[in-house]
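Student: If you read the sequence shown in this note's numbering, its first letter stands for residue 44, the second for the next number, and so on. All C-beta atoms in this analysis are idealised placements derived from N, C-alpha and C, irrespective of residue type, glycine included. Sending over a structure as structure tokens; questions will come in a sec.
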Amino acid sequence: MRKSINGLGGIVQNDLRLNPYEQSLFAFGNRRKDLVKILYWDRNGFCLWQKRLERDRFPWPQDEQAVMEITADQLNWLLNGIDFRRAHSTLHYTKFG
């Protein structure tokens with residue numbers, strides 16, 4: 044992944060049709076799923092944060108064109124290698140035992 048602030052900002056605005064100046068974080072992953080770049084606007088300029096794993100891979104969506112809205116907790120889980128899309132099911136019971 045060679046793109047930096049200008050390239051990723053262009054993807055957000057032109058390809059995804061989103062406003063890069065929103066109070067949002069835009070996360071991008073490479074094909075090998077060992078690199079994540081996060082672009083965001085911070086009051087008076089863009090910031091680009093990057094994390095590269097030396098081992099393992101990030102649990103990234105299969106559809107490379109997909110846009111997902113996730114919570115701050117889910118982003119933290121993603122960056123820590125936890126696949127939040129495969130969480131345990133919620134169980135509902137009416138009786139104990």
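With H, G and I counted as helix, E and B as strand and the rest as coil, what does DSSP make of L122?
Tutor: helix
Student: For L59, does the count of other Cβ atoms within 10 angstroms reach 16, so buried, or fall short, so exposed?
Tutor: exposed
Student: Buried or exposed for K138, going by 16 or more other Cβ atoms inside 10 Å?
Tutor: Per the 10 Å Cβ criterion, exposed.
Student: Helix, strand or coil: how does DSSP classify R98 here?
Tutor: coil
Student: Exposed or buried, which one is W92 when buried takes at least 16 other CB atoms within 10 Å?
Tutor: exposed
Student: Could you have a look at L82 and say whether DSSP puts it in helix, strand or coil?
Tutor: strand
Student: Just mark V110 as buried or exposed, buried being the case when its beta carbon has 16 or more other beta carbons within 10 Å.
Tutor: V110 comes out exposed.
Student: Helix or strand or just coil, what does DSSP make of G52?
Tutor: helix
Student: By DSSP, does Q105 sit in helix, in strand, or in coil?
Tutor: It is coil, neither helix nor strand.
Student: Considering just the uninterrupted stretch of the beta strand (DSSP E) at G72, what are its terminal residues?
Tutor: DSSP places G72 in the uninterrupted beta strand (DSSP E) bounded by F69 to G72.
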